């Protein structure tokens with residue numbers, strides 16, 4: 033039998049299967065199908081045997097690899113969090129517990145969860161960043177995975193010591209990708225080509241790729257306020273004169289300095305030699321100590337945004353000169369490189385001298401992961417702010433390595449214009465704004481979102497929540513809202529259903545407070561909860577596996593079977609026959625062919641029942657969120673109805 037990296041992992045686990053492991057517990061949810069009849073929420077196992085048996089199950093149940101992304105169902109996971117668990121049940125999550133086992137998430141542990149996800153219909157694993165990230169100036173207990181310090185190294189904290197010294201971290205990730213592929217699942221990765229950690233490894237080799245300020249100016253560093261411009265205003269050419277004339281802008285620009293290697297080349301060479309002699313030294317601390325300088329933190333590209341500067345990341349200097357329009361209009365006398373709203377949005381305000389060496393590095397990230405790990409796709413974080421030529425270079429080089437490599441645009445507006453632009457750049461799918469529209473029943477936005485997206489040039493995520501938004505279960509309507517939107521998302525034509533890690537467990541606490549939040553978002557949990565006010569993007573966080581998720585998970589399995597049965601009916605555009613009644617609370621997805629009709633009926637009203645006036649007599653109810661089978665749907669109820677033609 034061919035020895036693959038997944039089989040190597042399996043055999044290593046078998047080697048240690050007889051090791052004495054008295055206290056190792058896992059959530060029932062990870063292997064829910066095998067343990068669904070168990071009353072307890074957690075299960076005591078031999079870890080080596082447990083993970084080995086999960087790999088055996090995967091190897092024994094191979095499926096064809098997803099070929100048509102019209103059939104994709106995405107599961108977004110931050111590996112560090114998705115399989116975090118207190119394995120020895122000592123009431124605290126540790127990086128490595130007293131028994132030597134990893135309690136934060138790893139690729140090995142995530143492999144065990146794949147069969148459960150597959151049973152839900154998931155066939156694309158969407159990874160939030162897995163690269164090495166800096167803990168310097170970090171937010172929270174662990175820092176953000178978006179503060180990448182080395183694009184070409186995987187975060188060491190994702191290594192699982194369960195394999196002893198038998199497998200490297202890279203091999204563990206390769207085994208994870210292989211496990212996904214065996215189950216027919218694709219793997220896509222979030223990359224961050226616009227920002228880098230303030231302590232990136234590139235500081236020593238390419239200081240001129242970054243922006244610098246005096247260390248004494250770091251304390252009060254913030255984006256400049258511009259009077260007369262509304263809060264969170266997108267930068268446009270019409271605001272440039274006002275922006276550069278503002279008092280705070282002038283003070284802000286005065287803080288910037290030339291890169292340290294330019295200011296004092298001899299001192300810089302000595303510093304580099306010192307670092308090369310001892311690479312364990314902190315690059316940024318060395319520079320701060322030697323030059324009394326630091327990289328400038330990044331901040332929002334919106335004028336007068338209330339967000340403070342982002343202390344853990346900085347922007348790449350994508351052009352070696354100022355924006356062309358700034359030079360032409362002579363808007364500033366500042367000659368040194370600086371960060372401002374226009375330089376951030378290099379897609380709108382490019383310079384004339386591309387930083388070609390940097391562009392080469394950024395466009396080589398994905399080929400590295402394709403060639404080494406057989407990656408299938410990517411989302412480019414802040415891709416909307418990249419210059420168009422750089423975006424094309426990233427996409428072209430990746431697709432040259434793998435012709436069906438798939439790209440997701442961080443475009444949060446699902447319109448004809450935005451999707452046309454994304455498609456023209458080479459993107460296959462956009463994130464869209466489903467997390468905002470789908471659950472806003474009182475504004476009657478639900479139906480419009482789905483109906484308006486049917487004919488867009490690219491597919492759009494049908495997402496009730498993301499890692500940046502409040503949880504769907506925390507929205508008005510709670511469980512009913514979660515059930516309704518999660519099911520609708522799976523049947524909406526020209527949409528790619530998207531599930532955020534923890535959503536299947538009815539997790540209440542947001543992973544981050546980035547988008548569409550309110551004053552209650554941070555406080556979704558009881559104040560006595562161990563994770564009260566914790567955010568998984570920055571902190572140790574264990575999902576609430578003791579929640580009453582079983583009924584919801586069973587529903588996900590049931591819906592997956594319905595989708596599989598009617599797959600050919602659902603995927604073809606000529607079968608789409610949505611019905612738009614005058615009542616916008618009535619959502620009617622209708623698919624038909626010569627033999628049958630399939631209706632997904634939803635009442636998007638939180639308070640009133642709705643009667644659907646459909647001319648159907650004999651029908652079969654395939655699924656209903658309530659016990660009723662009539663065409664009168666209770667508030668936030670949904671039914672899936674089949675009729676023979």
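Numbering (the working numbering), first residue to last: 33 to 677. Glycine is no exception: its CB is placed at the ideal position from the N, C-alpha and C atoms. None of the values given here were measured: they were computed from a predicted structure.
| said: Per DSSP, what are the beta-bridge partners of residue 229 in this structure? | reply: 345
| Segment limits, beta strand (DSSP E) that includes residue 279 | Here residue 279 belongs to no beta strand (DSSP E); instead the alpha helix (DSSP H) covers 279–285.
| request: Spatial neighbours of residue 320 within its chain, please: CB distance less than 7 angstroms, with the 5 preceding and 5 following residues excluded, ordered by chain position. | output: 247, 326
| query | Which parts of the stretch 405–450 are runs of the beta strand (DSSP E), unbroken and 3 residues or longer, counting only runs that do not cross its ends? | reply | 409–412, 438–441
| Any idea what DSSP makes of residue 44, helix, strand or coil? | helix
| Residues near residue 590 by beta carbon distance below 8 angstroms, same chain, minus five either side | 655
| field | Exposed unless 16 or more other CB atoms sit within 10 angstroms - verdict on residue 53 | value | buried
| query | Quick one: what does DSSP say residue 108 is sitting in, helix, strand or coil? | reply | strand
| request: Would you kindly work out how many angstroms separate the C-alpha atoms of residue 220 and residue 434, rounded to a whole number? | output: 13 angstroms
| query | So residue 358 is in the alpha helix (DSSP H); what residue range does that whole segment cover? | reply | 356–361
| Can you tell me where the alpha helix (DSSP H) with residue 236 in it begins and where it stops? | 234–237
| task | Could you name the residues of the same chain whose beta carbon sits closer than 6 angstroms to that of residue 566, not counting the 5 residues immediately before and after it, in chain order? | result | 573
| Considering residue 529, what are the terminal residues of the beta strand (DSSP E) in which it resides? | From DSSP, the beta strand (DSSP E) with residue 529 extends over 527–532.
| query | For residue 388 versus residue 356, is the C-beta spacing smaller than 9 angstroms? | reply | Going by C-beta atoms, residue 388 is not nearer than 9 angstroms to residue 356.
| said: So for residue 494, helix, strand or coil by DSSP? | reply: strand
| request: Take residue 33 and list the residues in its own chain whose beta-carbon comes closer than 7 angstroms to its own, dropping the five residues that flank it on each side. | output: Confidence is the limiting factor: at residue 33 the pLDDT is only 49, short of 50, which leaves the residue's position unreliable and the question unanswerable from this model.
| From this set, 466, 525, 448, 457, which residue's C-alpha is nearest residue 489's C-alpha? | Taking each of 466, 525, 448, 457 in turn and checking the Cα distance to residue 489, the smallest one comes out for 448.
| query | For the candidate residues 189, 212, 358, whose alpha-carbon lies nearest to that of residue 91? | reply | 212
| If you count every other CB in all the chains shown that lies within 10 Å of the CB of residue 400, and 16 or more means buried, which is it? | exposed
| How would you write the range of the beta strand (DSSP E) that residue 223 sits in, first residue to last? | 218–223
| field | Contact belief for residue 632 with residue 520 at Cβ below 8 angstroms, rounded distance in angstroms | value | 7 angstroms
| Nonlocal neighbours in the same chain, by C-beta distance under 6 angstroms from residue 515, ignoring five residues either side | Here the set comprises 657.
| request: Could you say which of 284, 298, 661, 231 lies nearest to residue 251 if we only look at CA atoms? | output: Here the closest residue by C-alpha is 284.
| Candidates 494, 506, 513, of which the one nearest residue 525 by Cα | For the set 494, 506, 513, the Cα lying nearest the Cα of residue 525 is the one of 494.
| Thinking just about the alpha-carbon of each residue, which of 344, 443, 113, 133 is nearest to the one in residue 80? | 133
| said: Taking 8 angstroms as the limit between beta carbons, can you name the residues of its chain near residue 243, skipping five residues before and five after? | reply: 288, 327, 328, 346, 347, 349, 369, 370, 371
| request: Please specify which runs of the alpha helix (DSSP H), each continuous and at least 4 residues long, are wholly inside the stretch 81–135, giving them in chain order. | output: 111–114
| field | Local conformation of residue 76 per DSSP, three classes | value | In the displayed model, residue 76 falls within a strand according to three-state DSSP.
| task | For residue 635, name the three-state secondary structure that DSSP assigns. | result | strand
| Three or more C-beta pairs below 8 angstroms linking the stretch 577–591 and the stretch 609–617 | no
| By Cβ distance below 8 angstroms, which residues in the same chain neighbour residue 98 in space, the five residues on each side in sequence not counted? | 104, 155, 156, 216, 217, 218
| Own chain partners of residue 571 with C-beta closer than 7 angstroms, once the 5 adjacent residues on each side are dropped | 172, 173, 174
| query | Which first and last residues belong to the alpha helix (DSSP H) in which residue 584 is found? | reply | Where residue 584 is concerned, the enclosing alpha helix (DSSP H) stretches over 582–597.
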